[in-house]
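Q: Pasting a structure here, questions to come.
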Amino acid sequence: MTRVLLPVLGLILLGIVAGFVVGVVVGVIVSPLTVTNADIANLRPAEKEDYVLMVSAAYALDHNLPDAQQRLARVDRDAASAAKYVADLAQRAIDNEDSGNAKNLATLAVALGAGTPSLRNYLSDAAAPAPTPLPTFTPTAAATAKPAALVETGPTATPPASNGPTTTDGDTATPTKIPPKPTATLRPPTATFTSGPPTATFTPRPPTATFTPVPPTATPKPAVDFRVITQRMKTAKENGGTTTDGNVQECGQDHTAYIKILDRNGAPLNKVYVQSVNRP
Numbered sequence: 288m289t290r291v292l293l294p295v296l297g298l299i300l301l302g303i304v305a306g307f308v309v310g311v312v313v314g315v316i317v318s319p320l321t322v323t324n325a326d327i328a329n330l331r332p333a334e335k336e337d338y339v340l341m342v343s344a345a346y347a348l349d350h351n352l353p354d355a356q357q358r359l360a361r362v363d364r365d366a367a368s369a370a371k372y373v374a375d376l377a378q379r380a381i382d383n384e385d386s387g388n389a390k391n392l393a394t395l396a397v398a399l400g401a402g403t404p405s406l407r408n409y410l411s412d413a414a415a416p417a418p419t420p421l422p423t424f425t426p427t428a429a430a431t432a433k434p435a436a437l438v439e440t441g442p443t444a445t446p447p448a449s450n451g452p453t454t455t456d457g458d459t460a461t462p463t464k465i466p467p468k469p470t471a472t473l474r475p476p477t478a479t480f481t482s483g484p485p486t487a488t489f490t491p492r493p494p495t496a497t498f499t500p501v502p503p504t505a506t507p508k509p510a511v512d513f514r515v516i517t518q519r520m521k522t523a524k525e526n527g528g529t530t531t532d533g534n535v536q537e538c539g540q541d542h543t544a545y546i547k548i549l550d551r552n553g554a555p556l557n558k559v560y561v562q563s564v565n566r567p
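Okay, structure coming up:
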């Protein structure tokens, strides 16, 4: 049994080794792996739109139109088609109320000569200052006059006169004339004053202020807040170039840049995005 298994195991091991050797020869010599970088025009629509957004943001900072045109040429070599693509993205951002990207895209589209009346009106409205609201009129209630107090007066009471005769020390009684009773005099009724509703006081409205549009202030270019400490370029051999007898015949296609950002103390900074690394 053992003599039968040994040849079988040997054949299996030999087949594995032979397959490994054949795979290495085919992968390295016969059909080596070729790495080709994708062009911007071949990217998916979402990634292509992100690239155009970065180009418009860069133009909003430096207003360098030749650089923007050169970068957009990687999206479409036809300048008119690239400008129309930027204008379409700007109109879509305006419809979606994306004010930050809409302003940058509309500015770049107008600079490229693809500005539509809608884009120009949007930029003029964005540059105009917001109007100050007019003061409102608040009516003041007038004081209400109070009616005077009514005082009712009656006739004055007169003490009654004596009806009997007045006696003296003599024997003769002298009759006394009895005065007539006083007649009460009625006063005419006093008019009662009833106050009407308060009269509205008209205060003239102040004249409307005339607004003078202020020209937009130029956006200052941000100062460079970083500096290059060290840099090293790959050799042609490290870059994947082909060699013959030790001599480099052709440079490779690896155009990748590796950037390491440190703070002033030398500690690495994570999640820092670099907007433009290389200007073609």
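Heads up, the sequence shown is in this note's numbering, so the first residue is 288 and it goes up one at a time. From the three backbone atoms N, C-alpha and C, an ideal C-beta is built for every residue, glycine too.
#1: What is the rounded straight-line gap between the Cα of Asn329 and the Cα of Leu348?
#2: Taking DSSP as the reference, what is the three-state secondary structure of Leu410?
#3: Relative to the alpha-carbon of Val501, which residue among Pro493, Asp412, Tyr338, Ala544 has its alpha-carbon at the smallest distance?
#4: Leaving out five residues on either side along the sequence, give the residues of the same chain with a beta carbon under 6 Å from the beta carbon of Leu410.
#5: Report the CB separation of Tyr346 from Val362 in whole angstroms; it is logged as a contact under 8 Å.
#6: In terms of alpha-carbon separation, which member of Ala344, Asp337, Thr506, Lys547 lies closest to Arg514?
#7: Pull the bridge partners of Leu549 from the DSSP assignment, please.
#8: Would you report the Cα separation of Gly553 and Val559, rounded to the nearest angstrom?
#9: Do Ala374 and Leu406 count as a contact pair if the criterion is CB distance below 8 Å?
#10: Kindly indicate the opening and closing residues of the alpha helix (DSSP H) around Ile381.
#11: If we call anything under 8 Å between Cβ atoms a contact, is Ala366 one with Gln378?
#12: Among Arg358, Ile516, Leu352, Asn388, which one has its Cα closest to the Cα of Gly400?
#13: Tell me whether Asn391 is buried or exposed, calling it buried when 16 or more other Cβ atoms sit within 10 Å of its Cβ.
#14: Anyone know if the C-beta pair for Val342 and Arg358 falls short of 8 Å?
#15: Under the rule that 16 or more other beta-carbon atoms within 10 Å means buried, what is Gly451, buried or exposed?
#16: DSSP on Phe307, reduced to helix/strand/coil?
#17: Return no unless some Cβ of chain B is closer than 8 Å to the Cβ of Ala413.
#18: Please list the terminal residues of the continuous alpha helix (DSSP H) segment that includes Thr394.
#19: Exposed or buried, Leu376, counting other C-beta atoms within 10 Å across all chains shown (16 or more means buried)?
#20: Is the separation between the beta-carbon of Ala370 and that of Ala380 shorter than 8 Å?
#21: According to the neighbour-count rule (16 or more other Cβ atoms, all chains shown, within 10 Å of its Cβ), is Gly263 buried or exposed?
#22: Quick one: Cα of Asp337 to Cα of Gly387, how far?
#23: Give the secondary structure of Leu320 by DSSP, where H, G and I count as helix, E and B as strand, and everything else as coil.
#24: Taking all protein chains shown into account, decide if Leu293 is buried (16 or more other Cβ within 10 angstroms of its Cβ) or exposed.
#25: Output the boundary residues of the alpha helix (DSSP H) element that contains Met341.
#26: Would you decide whether Ala396 is buried or exposed? Buried here means 16 or more other CB atoms lie within 10 Å of its CB.
A: In terms of the structure at hand:
#1: 27 Å
#2: Residue state, collapsed to three classes: helix.
#3: Ranking Pro493, Asp412, Tyr338, Ala544 by Cα distance to Val501 puts Asp412 first.
#4: Ala393
#5: Not really, about 14 Å apart at Cβ, beyond 8 Å.
#6: The residue with the shortest Cα to Cα distance from Arg514 is Lys547.
#7: Its beta-bridge partners are Pro555.
#8: 15 Å
#9: yes
#10: 366–382
#11: no
#12: Leu352
#13: buried
#14: yes
#15: With a pLDDT of only 46 at Gly451, under the threshold of 50, the placement of this residue in the model should not be trusted; the figure read from the coordinates follows. Gly451 is exposed by the Cβ-count criterion.
#16: helix
#17: Of the chains in the structure shown, none is chain B; there is only one protein chain.
#18: It spans 386–398 - the alpha helix (DSSP H) in which Thr394 sits, taken as one unbroken run.
#19: buried
#20: no
#21: Absent from the model: residue 263. The displayed extent of the chain is 288 to 567, so no value can be given.
#22: For Asp337 and Gly387, the distance between alpha carbons rounds to 14 Å.
#23: coil
#24: Around the beta carbon of Leu293, fewer than 16 other beta carbons sit within 10 angstroms, so the residue counts as exposed.
#25: 332–349
#26: buried
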